[in-house]
Each structure stands twice: as structure tokens, then as C-alpha cells.
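Residue numbers (the working numbering): 17 to 72.
Even for Gly, the Cβ is constructed at its ideal location relative to N, Cα and C.
Everything on this sheet refers to the single structure shown next.
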């Protein structure tokens with residue numbers, strides 16, 4: 017976990033957020049893909065919330 021950089025996690029969160037927005041614009045409905053992206057975003061947010069790490 018120490019090797020994970022906070023900027024990397026934040027970048028992944030931003031990418032997933034954009035994917036969620038695009039998917040919702042395209043379908044305007046909750047799809048399995050949207051649920052999967054949302055679950056990935058939750059995992060990253062939990063990782064960020066429950067960790068204390070710094071970038072070198």
C-alpha cells in the first residue's frame with residue numbers, strides 16, 4: 017500500500033468519475049456498466065479514506 021501514490025488514486029477517481037458521467041449521458045439509466053464503475057469508484061474512495069500514504 018505504501019507504494020501507492022495519492023496522486024495516482026486521485027487520478028483514477030477522476031477518470032472513473034468522468035466515465036460515470038459519460039455512461040450516464042449515453043444511457044440515462046442505471047446499467048450494469050454504470051454499477052460496475054460506481055463500485056470501482058467506491059473502492060478507490062475507501063482506499064483513499066482508510067489509508068495514510070504520501071508520494072515521494
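Three-state secondary structure assigned by DSSP to residue i
i: residue 54; result: helix
i: residue 60; result: helix
i: residue 65; result: helix
N- and C-terminal bounds of the alpha helix (DSSP H) containing residue i
i: residue 42; result: 22-43
Fill in: Cβ contact check for the segment 51-69 and the segment 21-28: 3 or more pairs under 8 Å
yes
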